[in-house]
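Asker: Structure in structure tokens, see below.
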Amino acid sequence: MSSLKKCFNIRSRDFIHAGEASITVQQLLKQMRIDSALIRRIAVCGYEGEMNVVMHGGDGRFCIEINTERIVLDISDEGAGIPDIARAMEKGYSTASDAHREMGFGAGMGLPNMEKNADEMFIESVPGCGTKVRMIFFNRST
Amino acid sequence: MKLSLVAEILEATFLCGEDRPDIEIDKAGGSDLMSDVLAALSDHSVLLTGLTNIQAVKTAVISGVAVIVFVRDKKPSPDIVALAEKHGIPLLSTPCSMFLACGRLYNAGLTGLKGTR
Ligand SMILES: Nc1ncnc2c1ncn2[C@@H]1O[C@H](COP(=O)(O)OP(=O)(O)O)[C@@H](O)[C@H]1O
Ligand SMILES: [Mg+2]
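If you read the protein sequences in the order shown, they are chains A and B.
The letter at position 51 of the first sequence is residue 51 when you use our numbering, and the numbering goes up by one with no holes.
Quick note: to get our numbering, add 1000 to the position in the second sequence (first position is 1).
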């Protein structure tokens, strides 16, 4: 398999389109016959990451790079940033609004879910500038 | 158990997917928290929820949920039904509360998402 890269824009506060990048990528990975458990892990990470950009971040970008050995998911945004990453990573920590909670989000489990499902995860954030989350998945089945 | 039996037990109506009553279901989960659905072993399950927004359907697509049942007679708007239809996810609506719907399906033999009872 040669390397393939796809990118999508994510619009801040656009709840109607939120999740479309992850669903498109999920379908692409199915067509590529990637292992279904791996696809689920990538889709869950993508979707939680996308929802975070839409809810908490600014306009952003969702890029996936698929190689024989590994799949790299980069989700970045130019939003408010995360002042305390260690705190944001805690299970249950959330700054989500009541409106987010009414949509079923804001349980403070997104970043912990992403960390659990990715083989490796890196977060960089500069308050006032934005956030970058990189998740790496090893493509063991190929 | 077949989806048609799930519908019968819950006295539920199909909002879409009634052309596939033979889908096999053996586990169920009830939640209004989408991150919980995403974190659990929810693939091939029935999701019982009171949330009828577009994220409920997208969460089901991402996590591989087979069927969504909306409790307390809730019904999503037509565009949300159309999205579920596009992704092959039957949607049902039951007059039962979350408690009753879970109890009835448990009683009929469905397991939790981890396969335990
Ligand atoms: N892209 C982002 N930009 C700014 N803040 C973020 C971003 N992603 C996460 N956060 C912060 O980290 C917190 C925890 O995120 P998460 O674990 O996904 O929980 P939740 O989204 O349910 O609040 C969020 O409430 C928010 O304060
Ligand atoms: Mg989140």
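Beta carbons are placed, not taken as given, at the ideal position from N, Cα and C, and that holds for glycine.
Considering only the alpha carbon of each residue, which of B:Lys1074, B:Val1037, B:Ala1066 lies closest to Arg1020 of chain B?
Answerer: For this step, residue 1020 of chain B is matched to residue 20 along the second sequence. For the residues B:Lys1074, B:Val1037, B:Ala1066, the minimum Cα distance to Arg1020 of chain B belongs to B:Ala1066.
Asker: Any Cβ of chain A within less than 8 Å of the Cβ of Ser1045 of chain B?
Answerer: Your numbering for residue 1045 of chain B matches position 45 in the second sequence. It does not; no Cβ of chain A falls within 8 Å.
Asker: Does the contact criterion of 3 or more C-beta pairs under 8 Å hold for the segment 1055 to 1071 of chain B versus the segment 1091 to 1098 of chain B?
Answerer: Contact between the segment 1055 to 1071 of chain B and the segment 1091 to 1098 of chain B is present, because at least three Cβ pairs lie under 8 Å.
Asker: Measuring CB to CB, does Leu1110 of chain B end up less than 8 Å from Met1001 of chain B?
Answerer: For the purposes of this step, residue 1110 of chain B is taken as the residue at position 110 of the second sequence. For the purposes of this step, residue 1001 of chain B is taken as the residue at position 1 of the second sequence. Yes, the Cβ-Cβ distance between Leu1110 of chain B and Met1001 of chain B is below 8 Å.
Asker: In its own chain, which residues sit with a C-beta less than 6 Å from the C-beta of Ile123 of chain A, not counting the 5 before and 5 after it?
Answerer: Counting from one through the first sequence, the residue named residue 123 of chain A turns up at place 123. These residues qualify, in order along the chain: Ile85, Val133.
Asker: Which residue marks the beginning of the beta strand (DSSP E) containing Leu1048 of chain B, and which one marks its end?
Answerer: Along the second sequence, one-based indexing puts residue 1048 of chain B at 48. Taken as a continuous stretch (DSSP letters only), the beta strand (DSSP E) holding Leu1048 of chain B covers 1046 to 1049.
Asker: Helix, strand or coil: which one does DSSP assign to Val53 of chain A?
Answerer: Position 53 of the first sequence, counted from the first residue, corresponds to residue 53 of chain A. Residue state, collapsed to three classes: helix.
Asker: Under a Cβ-count criterion, where at least 16 other Cβ atoms within 10 Å of its own Cβ denotes burial, should Thr1116 of chain B be classed as buried or exposed?
Answerer: By one-based count along the second sequence, residue 1116 of chain B stands at place 116. When all chains shown are included, Thr1116 of chain B counts as exposed.
Asker: Ligand 1 heavy atoms versus the CB of Glu124 of chain A: any closer than 7 Å?
Answerer: Position 124 of the first sequence holds residue 124 of chain A. Glu124 of chain A Cβ: outside cutoff for every heavy atom of ligand 1.
Asker: For my contact list, Gly172 of chain A and Asp77 of chain A are in at a C-beta cut-off of 8 Å; report their separation, rounded to the angstrom.
Answerer: Because residue 172 of chain A is not part of the residues shown, which for chain A are 1 to 142, the question remains open.
Asker: In chain order, what are the residues with a CB under 5 Å from some non-hydrogen atom of ligand 2?
Answerer: Those residues, listed in chain order, are A:Asn52, A:Gly110.
Asker: Going by other Cβ atoms of all chains shown within 10 Å of its Cβ, with 16 needed for buried, is Val126 of chain A buried or exposed?
Answerer: Looking up residue 126 of chain A in the first sequence gives position 126. The residue in question, Val126 of chain A, is exposed, as its Cβ has fewer than 16 Cβ neighbours within 10 Å.
Asker: Based on the DSSP secondary-structure assignment, which residues constitute the bridge partners of Arg1020 of chain B?
Answerer: Translated into positions along the second sequence, residue 1020 of chain B becomes position 20. The partner list for Arg1020 of chain B (beta bridge, DSSP) is empty, contrary to what the question assumes.
Asker: Is Tyr47 of chain A near ligand 1, with its Cβ less than 7 Å from a heavy atom?
Answerer: By one-based count along the first sequence, residue 47 of chain A stands at place 47. Every heavy atom of ligand 1 is 7 Å or more from the Cβ of Tyr47 of chain A, so no.
Asker: Closest by CA to Asn139 of chain A, which one among A:Gly128, A:Gly60, A:Arg33?
Answerer: Counted from its first residue, the first sequence places residue 139 of chain A at position 139. Looking at the Cα atoms, A:Arg33 is the closest of the given residues.
Asker: In whole angstroms, what is the alpha-carbon distance linking Gln31 of chain A and Ser22 of chain A?
Answerer: Residue 31 of chain A sits at position 31 when you count from the first residue of the first sequence. Residue 22 of chain A sits at position 22 when you count from the first residue of the first sequence. The alpha-carbon atoms of Gln31 of chain A and Ser22 of chain A are separated by roughly 14 Å.
Asker: Does Thr142 of chain A come out as helix, strand or coil in the three-state DSSP assignment?
Answerer: Position 142 of the first sequence, counting from 1, holds the residue named residue 142 of chain A. Low local confidence applies: a pLDDT of 49 at Thr142 of chain A is under 50, so the model's placement there is unreliable, with the coordinate-based value given in what follows. It is coil, neither helix nor strand.
Asker: At a CB distance below 7 Å, what residues from the segment 37 to 53 of chain A approach chain B? Give them in sequence order.
Answerer: Answer set for the segment 37 to 53 of chain A: Arg40, Ala43, Val44, Tyr47, Glu48.
Asker: Just to confirm, does Tyr1106 of chain B get its C-beta within under 7 Å of one of the non-hydrogen atoms of ligand 1?
Answerer: Position 106 of the second sequence, counting from 1, holds the residue named residue 1106 of chain B. Checking every heavy atom of ligand 1 against the Cβ of Tyr1106 of chain B, none is found closer than 7 Å.
Asker: Check the Cβ-Cβ distances between Ile1023 of chain B and every residue of chain A, and say whether any is below 8 Å.
Answerer: Here residue 1023 of chain B is taken as the residue at index 23 of the second sequence, counted from 1. Closer than 8 Å: no.
Asker: Just curious, the alpha helix (DSSP H) that Lys116 of chain A is in, first and last residue?
Answerer: By 1-based counting over the first sequence, the position of residue 116 of chain A is 116. That run of the alpha helix (DSSP H) goes 110 to 117.
Asker: Once DSSP output is grouped into helix, strand and coil, what is the label at Thr131 of chain A?
Answerer: One-based indexing of the first sequence puts residue 131 of chain A at position 131. Thr131 of chain A falls in the strand class under three-state DSSP.
Asker: Here's the rule I'm using: 16 or more other beta-carbon atoms within 10 Å means buried, otherwise exposed. How should Ser2 of chain A be labelled?
Answerer: Here residue 2 of chain A corresponds to residue number 2 of the first sequence, with the count starting at 1. The residue in question, Ser2 of chain A, is exposed, as its Cβ has fewer than 16 Cβ neighbours within 10 Å.
Asker: For Ser12 of chain A, which residues in the same chain have their Cβ closer than 8 Å to its Cβ, ignoring the five residues on either side in sequence?
Answerer: Taking the first residue of the first sequence as position 1, residue 12 of chain A is located at position 12. Within the same chain, Ser12 of chain A has close Cβ partners Val53, Val54, Gly57, Gly58, Asp59, Gly60, Asp77, Gly79.
Asker: Note down, in chain order, each residue of its chain lying with its Cβ closer than 6 Å to the Cβ of Gly1030 of chain B, except the 5 sequence neighbours on either side.
Answerer: On the second sequence, residue 1030 of chain B is found 30 positions in, with the first residue counted as 1. Once the five neighbours on either side are set aside, the close Cβ partners of Gly1030 of chain B are Leu1048, Met1098, Cys1102.
Asker: Determine the DSSP secondary structure at Asp35 of chain A, reduced to helix, strand or coil.
Answerer: Against the first sequence, residue 35 of chain A aligns to sequence position 35. Note: Asp35 of chain A maps to coil in three-state DSSP.
Asker: Check distances from the C-beta atoms of the segment 4 to 26 of chain A to those of chain B and list, in chain order, the residues that come in under 9 Å.
Answerer: Flagged, chain order: Phe15, Ile16, Ala18, Gly19, Glu20, Ser22, Ile23, Gln26.
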